[in-house]
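Residue numbers (our numbering): 981 to 1451.
Note that beta-carbon positions come from the ideal geometry of N, C-alpha and C, so glycine has one too.
Small disclaimer: the values here were computed from a predicted structure and weren't measured.
What follows is one structure encoded as structure tokens, with my remarks underneath.
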């Protein structure tokens, strides 16, 4: 199962157009909020004209609701920026791999920041990449960017394009202050540049969904308020019901959003023990985080993490001798292979979703006619018949290029200790298939061989069928 993803990465120009000003992209939010307010106010005036409301003074209720709708629309705009325009692609949506030690962890369940920060429910780690350590030599971003093989993830030529549109690359720092003590090594408390990596939580994404739902309810409340002002009693009753439930829904929206915290162990139980000091391998989208431009800083990240494994548990002490450059590259190649669409699609099949053991909580897939290896034979189908426990097994094979085939044979045997037997397969002119039947007692192993006019031959894969006696 893959880790949840809620964000997208933008190109540098879209991110620059919606850049953050202070604690939010205020300019973009104000534009959307004002446009929503004007549209809503205009709609209210039209509704009032339709309902024959002569005094605009009694429309203050609907107009007040439209202000609230505009405010929520601005918040939706903020959520859209957070999810779609805050992160800048450094290599499209491709995965990049890194190996390093966990220098620092920020668990969303243990955040001590302000209320608004609680909606950022990502589980984050700062990783000292392979061949770096708290020794005072890895605090310069230019220097760390040259460390092989993963230093480029902290600073690379791709960052030049990001800086051209006004974003700064300062890198992310972590010091040894909260790192567990290592045996035999004095604590230096020195700072180093680290790679920031994040498992994504669904806080902001969930909040946006709630806000959209609340906007729809408020738009309904606007229409009901206008109808109530026109003297429609039933509209007043419905408006009162909405007024009672909307605050409760708002509280539910906040609670639900804050609870959607990322937890690596939800996807991979082996990561329940993940802690500071472990050596890990991570892979995911390589991005620049433009969400700190108001603080005049910024850094590269792996965000979101799409694969994570603990390579070695315990408190890493700076000795990278056990992880060679060759080993690191091999690990990353293998992780990249399992992230290919072909492998991931195979993993999603029901027969591969077991957790304990295939024999306990697995399942057996419905079998298709066995695929046959070889350039000329494309399929093998079979039908089994049982009579007095004698086995009658019919095999049919299709040959793609019949003009180059001199004969097609069925090879079979009922035990590994006996010799193969052969039968000439006969072409059925109606179906275009070569067919032959096995009639004997026992379970058969068989394959199909096509002999070509040039003297070569092509064999299918071997298949087996099993005898069942019916009383």
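Range covered by the alpha helix (DSSP H) that runs through residue i
| i | result |
| --- | --- |
| residue 1316 | 1305 to 1318 |
| residue 1235 | 1213 to 1239 |
| residue 993 | 992 to 997 |
| residue 1322 | 1321 to 1327 |
| residue 1121 | 1121 to 1124 |
Beta-carbon spacing of residue i, residue j below 9 angstroms
| i | j | result |
| --- | --- | --- |
| residue 1318 | residue 1288 | no |
| residue 1162 | residue 1298 | yes |
| residue 1285 | residue 1180 | yes |
| residue 1125 | residue 1136 | yes |
| residue 1184 | residue 1282 | no |
| residue 1182 | residue 1242 | yes |
| residue 1109 | residue 1255 | no |
| residue 1134 | residue 1174 | yes |
| residue 1413 | residue 1403 | no |
| residue 1188 | residue 1059 | yes |
| residue 1290 | residue 1098 | no |
| residue 1129 | residue 1308 | yes |
| residue 1215 | residue 1027 | no |
| residue 1431 | residue 1398 | no |
| residue 1055 | residue 990 | no |
| residue 984 | residue 1061 | no |
| residue 1440 | residue 1427 | yes |
| residue 1143 | residue 1024 | no |
| residue 1153 | residue 1119 | yes |
| residue 1395 | residue 1433 | no |
| residue 1229 | residue 1190 | yes |
| residue 1096 | residue 987 | no |
| residue 1065 | residue 1021 | no |
| residue 1424 | residue 1405 | no |
Buried versus exposed call for residue i [16 or more other C-beta atoms within 10 Å across all chains shown]
| i | result |
| --- | --- |
| residue 1113 | buried |
| residue 1343 | exposed |
| residue 1192 | exposed |
| residue 1325 | exposed |
| residue 1330 | exposed |
| residue 1042 | buried |
| residue 1260 | buried |
| residue 1046 | buried |
| residue 1410 | exposed |
| residue 993 | exposed |
| residue 943 | Since the first residue shown for the chain is 981 and the last is 1451, residue 943 is missing from the structure and cannot be characterised. |
| residue 1122 | exposed |
| residue 1088 | buried |
| residue 1157 | exposed |
| residue 1296 | buried |
| residue 1116 | exposed |
| residue 1250 | exposed |
| residue 1094 | exposed |
| residue 1232 | exposed |
| residue 1131 | buried |
Residue i: first and last residue of the uninterrupted beta strand (DSSP E) it sits in
| i | result |
| --- | --- |
| residue 1286 | 1279 to 1292 |
| residue 1089 | Counting along the chain, residue 1089 falls outside any beta strand (DSSP E), and DSSP gives it neither H nor E. |
| residue 1153 | 1152 to 1155 |
| residue 1439 | 1437 to 1439 |
| residue 1407 | 1406 to 1408 |
| residue 1295 | No beta strand (DSSP E) holds residue 1295; DSSP gives it neither H nor E. |
| residue 1141 | It is not in any beta strand (DSSP E) - residue 1141 instead sits in the alpha helix (DSSP H) that spans 1138 to 1144. |
| residue 1275 | No beta strand (DSSP E) holds residue 1275; DSSP gives it neither H nor E. |
| residue 1393 | 1385 to 1393 |
Three-way DSSP call (helix, strand, coil) for residue i in this model
| i | result |
| --- | --- |
| residue 1257 | coil |
| residue 1427 | strand |
| residue 1186 | helix |
| residue 1058 | helix |
| residue 1337 | coil |
| residue 986 | coil |
| residue 1101 | coil |
| residue 1176 | strand |
| residue 1026 | helix |
| residue 1403 | strand |
| residue 1072 | coil |
| residue 1082 | strand |
| residue 1108 | strand |
| residue 1210 | coil |
| residue 1041 | helix |
| residue 1368 | With a pLDDT of 46 at residue 1368, under the threshold of 50, the modelled position of this residue cannot be trusted; read the value that follows with caution. In this structure, residue 1368 counts as coil in the three-state DSSP scheme. |
| residue 1203 | helix |
| residue 1432 | strand |
Touching or not, the region 1196 to 1210 and the region 1102 to 1116, by the rule of three or more beta carbon pairs under 8 angstroms?
no
State whether the region 1139 to 1155 contacts the region 1272 to 1288, with contact taken as three or more CB pairs (one from each stretch) at a distance under 8 angstroms.
yes
The region 1075 to 1089 in contact with the region 1212 to 1225 per 3-pair CB rule at 8 angstroms:
no
Could you tell me whether the region 1045 to 1062 touches the region 1000 to 1014, where touching means 3 or more Cβ pairs closer than 8 angstroms?
yes
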